[in-house]
Structures are given as structure tokens and as C-alpha cells.
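K.L.:
Pasting in a structure now, in C-alpha cells, and then I'll have a few things to ask.
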Amino acid sequence: MALSKLDNLYRQMILEHANQPHHHGTLAHLDHELELRNPTCGDVLDLQVALKDGKISDIAFSGSGCTISQASASMMCDEVRGKTPAEVEKMVMAFSDMVTGKKDEKADYDELLGDASVLEGVAQFPARIKCATLAWKAIYQAVNKEGEEHD
């Protein structure tokens, strides 16, 4: 069965993010750094986050992994820059629901997640859900650490 034109467009976007990821590297100044692993696929993600005025001012990731994990990390970094921890938490929850097939029909995933909404199709491949959510779990942990430090 041939892929539809829209499926081909989404596939191309995922491949572009995986092959030429945005925000790949390290930060000179950071507030949080953490490493997460997905042992089922071998993905390793090192996430660095800088905060300013209560928002993510810069973000970078490094590590290695499958196409889905690298593309998801690239897209996540694009979308969370300039967001507050509360906004990021909402995005992470929405992303998790979307890729696990628990979508809220009232939610506007394109508006909330931007390009990362193209990863919706991961829900059809349960073995890839952990790959897609790795970076989102990392940013969730990073912003929650920030919230804990100021309590």
C-alpha cells in the first residue's frame, strides 16, 4: 500500500529532523542537565536547559538513538523554547496522550505541539512510543527540578 502525500510529507519532516536535528550540541551556560536512556531501543539523550525569567531561554541535546527519538528531541527543543515550566508540562502531557493514543478530541495538538504533532502516528507502533517520549520525559524532569528548587 502506497503512502499518502500527507504521510510522505510527515515522514520527510521526521527524517529531516533526525538527520539534521535542531539544537543538537551543548550549551555554554546551563541550569539543568540530565541523561535519560531507552534500553529497549538503545537511545541515549543528554538534555541541557538554560532558564531566564522563568522561561526556557536555551536548550540543547546530544546523544544517540533511532530516527524517532532524534526527530522527537529536535522537535521538542524547537517547541519548548520560550515556554514556562507550566506550559512545558501541559505540552508534555499532551504529547504523551497523543502518542499513546489517548487523544483528547477537543485539544488542538497542532497549536500546542507545533511540528511535533506529526509524531501522532507513533501511536500505531507501540514499540516506538518510548523512543518518541524520551526527550519529552527529559524536559518534564528538567522543568520540575526547576520548580522544586524554588519551593
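Taking my numbering, the leading residue of the sequence shown gets 7, the next gets one more, and so forth. Where is the CB? At the ideal position from N, CA and C, for every residue including glycine. Quick caveat, the model's predicted, so the values are computed rather than measured.
1) Put Leu60 into one of helix, strand or coil per three-state DSSP.
2) Going straight from the alpha carbon of Asp121 to that of Glu85, what length do you get?
3) Under the three-state reduction of DSSP, which class applies to Phe131: helix, strand or coil?
4) Taking the alpha carbon of Glu126 as the reference point, which residue from Ala141, Leu140, Trp142 and Lys109 has its own alpha carbon closest?
5) If we call anything under 9 Å between Cβ atoms a contact, is Asp52 one with Phe67?
6) Kindly give me the distance between the Cβ atoms of Ala56 and Leu42, rounded to whole angstroms, as I take these residues to be in contact under 8 Å.
7) Please name the residue in Ala129, Val149, Ile145 and Asn150 whose C-alpha comes closest to that of Ile74.
P.N.:
According to the structure data:
1) Position 54 of the sequence shown, counted from the start, is the residue given in the question as residue 60. For the sequence presented, residue 60 should be read as Gly rather than Leu. DSSP places Gly60 in coil when its eight states are reduced to three.
2) For the purposes of this step, residue 121 is taken as residue 115 along the sequence shown, with counting starting at 1. For the purposes of this step, residue 85 is taken as residue 79 along the sequence shown, with counting starting at 1. The C-alpha of Asp121 lies about 8 Å from the C-alpha of Glu85.
3) To locate residue 131, count along the sequence shown from 1; it is residue 125. Residue state, collapsed to three classes: coil.
4) For the purposes of this step, residue 126 is taken as residue 120 along the sequence shown, with counting starting at 1. With respect to the C-alpha of Glu126, the residue from Ala141, Leu140, Trp142 and Lys109 having the closest C-alpha is Lys109.
5) Position 46 of the sequence shown, counting from 1, holds the residue named residue 52. Position 61 of the sequence shown, counting from 1, holds the residue named residue 67. Result yes, Cβ atoms of Asp52 and Phe67 sit closer than 9 Å.
6) Position 50 of the sequence shown, counted from the start, is the residue given in the question as residue 56. Position 36 of the sequence shown, counted from the start, is the residue given in the question as residue 42. Incorrect: roughly 18 Å between the Cβ atoms, too far for contact.
7) Against the sequence shown, residue 74 aligns to sequence position 68. Ranking Ala129, Val149, Ile145 and Asn150 by Cα distance to Ile74 puts Ala129 first.
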